[in-house]
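Contents: one structure, followed by commentary.
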Amino acid sequence: MRRRGFAPPILVVPAVIGLAFLVVPLAALVGKVDWSSLWADITSADALDALRLSVSTGLVATALCLLLGVPLALLIARAGGRVASVLRAGVTVPLVLPPMGGGLSLLFLFGRAGWLGWTGWQIPFTTTAVVMAQTFVALPFLVLALEGALRTSGVAFERTAAGLGAGRWTIFWRVTLPLAAPGLLSGVILCFARAIGEFGATALFAGNAPGVTQTMPLAIYTAFNGAGVTQGSALALSLLLLVTAIAVLLLVRAWRPGAAGPAPMEGVR
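The working numbering puts the first residue of the sequence shown at 21, with every later residue one more than the last.
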């Protein structure tokens with residue numbers, strides 16, 4: 021009873037319906053895959069190009085998120101309440117912004133008629149634009165995961181290290197980051213998964229050129245509109261993205277503190 025609590029048993033019914041609503045469509049996707057041609061579909065030239073582009077740009081975007089997100093998460097975690105709330109709200113905006121809105125925002129900033137168009141940068145509709153779109157949508161995942169871990173770890177150990185004569189960079193590398201390592205790892209994994217699954221912002225800001233900006237989500241969309249890779253390849257790539265998402269969730273669960281669940285509190289009444 022301590023583990024199950026005292027919720028009304030009837031709530032199991034909508035809970036099961038909600039779970040089915042999330043899981044059954046994925047089962048339908050798996051059921052439509054032609055397993056006899058799965059390997060050929062995944063290894064086709066167009067599918068491999070989309071896969072290679074998604075993974076390579078996703079890795080670069082994740083590295084950029086690390087470079088920018090770690091300092092930003094530290095800034096939010098160490099800021100005062102009101103300042104931290106404002107900063108956190110700014111970081112959260114891309115999570116609630118429609119993906120197409122994110123693409124338009126980047127286009128109006130870096131496009132020829134955008135705010136930075138006078139610089140002559142040719143960023144839109146290039147592979148660089150793919151990386152920037154992925155970074156835009158994935159950065160909040162890393163920042164919010166790491167910021168929570170940094171706030172939880174506090175500054176007591178940092179003060180102790182400073183009192184023993186450690187410098188700021190030594191404290192950062194040997195105290196701050198190791199204490200927040202589980203949150204950092206979770207953020208990196210979620211960040212990479214979000215990057216390779218990005219669609220809307222990439223479509224508007226980077227376009228859909230095969231081998232240049234056509235990532236896996238764009239290849240799937242193109243296939244079901246009658247162009248590019250076959251629908252078999254689209255289903256195969258969809259399955260690959262599904263497997264990646266499941267693997268990401270398992271990795272996050274395995275590395276999260278207390279993943280095994282709370283220890284039973286015997287003797288508590």
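Where a beta carbon is used, it is the ideal one built from N, C-alpha and C, also for glycine.
Computed from a predicted model, the values in this text were never measured in an experiment.
- The alpha-carbon separation between residue 206 and residue 162 amounts to approximately 8 Å.
- Counting other Cβ atoms within 10 Å of its Cβ, residue 56 stays below 16 and is therefore classed as exposed.
- The C-alpha of residue 105 lies about 48 Å from the C-alpha of residue 59.
- Rounded to the nearest whole angstrom, the CA to CA distance from residue 69 to residue 239 is 10 Å.
- Ranking 157, 180, 39 and 36 by CA distance to the CA of residue 113 puts 157 first.
- Under a 10 Å Cβ-count criterion, residue 29 is classified as exposed, with fewer than 16 other Cβ atoms of the shown protein chains found around its own Cβ.
- With a cutoff of 9 Å on beta-carbon distance, residue 151 and residue 259 are scored as not near each other.
- Residue nearest to residue 271 within the set 202, 244, 73 and 256 is 202 (criterion: CA-CA distance).
- In the three-state reduction of the DSSP assignment, residue 128 falls in the helix class.
- Counting along the chain, the unbroken alpha helix (DSSP H) around residue 154 starts and ends at 147-173.
- Shown here for residue 219: same chain residues with a beta carbon closer than 6 Å to its own, the five before and five after excluded, namely 237 in chain order.
- As for any alpha helix (DSSP H) of minimum length 4 sitting wholly inside the region 192-251, the runs are 201-216, 220-225 and 236-243, ordered along the chain.
- In this structure, the alpha-carbon of residue 184 lies about 11 Å from that of residue 191.
- The region 39-51 and the region 121-140 do not touch, with fewer than 3 CB-CB distances between them shorter than 8 Å.
- For residue 177, the secondary structure class from DSSP, reduced to helix, strand or coil, is helix.
- In the structure shown, residue 37 adopts helical secondary structure according to DSSP, grouped into three states.
- Secondary structure note for residue 78: its alpha helix (DSSP H) is the uninterrupted segment 65-98.
- Cβ-Cβ separation between residue 243 and residue 233: approximately 16 Å, too far for a contact (criterion under 8 Å).
- Counting every other CB atom within 10 Å of its CB across the protein chains shown gives residue 209 a total of 16 or more, marking it as buried.
- Ranked by how close their Cα comes to the Cα of residue 159, the residues 89, 116, 166 and 195 have 89 in first place.
- Residue 33 and residue 251 have their C-alpha atoms some 36 Å from each other.
- Around the beta carbon of residue 212, 16 or more other beta carbons sit within 10 angstroms, so the residue counts as buried.
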